[in-house]
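In this note's numbering, the protein residues as written are 220 to 313.
One structure is given here, and the rest of the page talks about it.
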């Protein structure tokens, strides 16, 4: 599997390619070093970003406040950061 995340200090950084406007929020695989995520929300007023954070928080059993968008708030290409302690859970959902 291609590497779509990196470990920096005490956090994991995920490289995401988001596809908003999908019928269901789900992971669609890894392509060109990015985790492809379909998002069931429109890309307006931060709705898709909120849904993306909610999806990972629920999948990893992680508080939403622990997931941050480091870059790409207004782009399909995003970098998310979450605590390193969720690395095993992250690998298990893939």
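Glycine included, each C-beta is placed from N, C-alpha and C at the ideal position.
In this text the structure is predicted, and so the values were computed from the model without any measurement.
Asked                                                                                                                                    : Found
Can you say whether residue 237 is buried or exposed, counting buried as having 16 or more other CB atoms within 10 angstroms of its CB? : buried
What's the C-alpha gap between residue 271 and residue 299?                                                                              : 10 Å
The beta strand (DSSP E) spanning residue 235 covers which residue range?                                                                : 230-239
Could you please give me the residues that DSSP links to residue 277 through a beta bridge?                                              : Paired residues: none, contrary to the question.
Residue range of the alpha helix (DSSP H) that residue 245 falls in?                                                                     : Element bounds for residue 245: not the alpha helix (DSSP H) but the beta strand (DSSP E), 245-250.
If you check the beta carbons only, do residue 242 and residue 232 fall under 7 Å apart?                                                 : no
Should residue 282 be labelled buried (16 or more other beta-carbon atoms within 10 Å of its own) or exposed?                            : exposed
Rounded to whole angstroms, what's the CA-CA distance from residue 258 to residue 264? Just pull it up for me.                           : 14 Å
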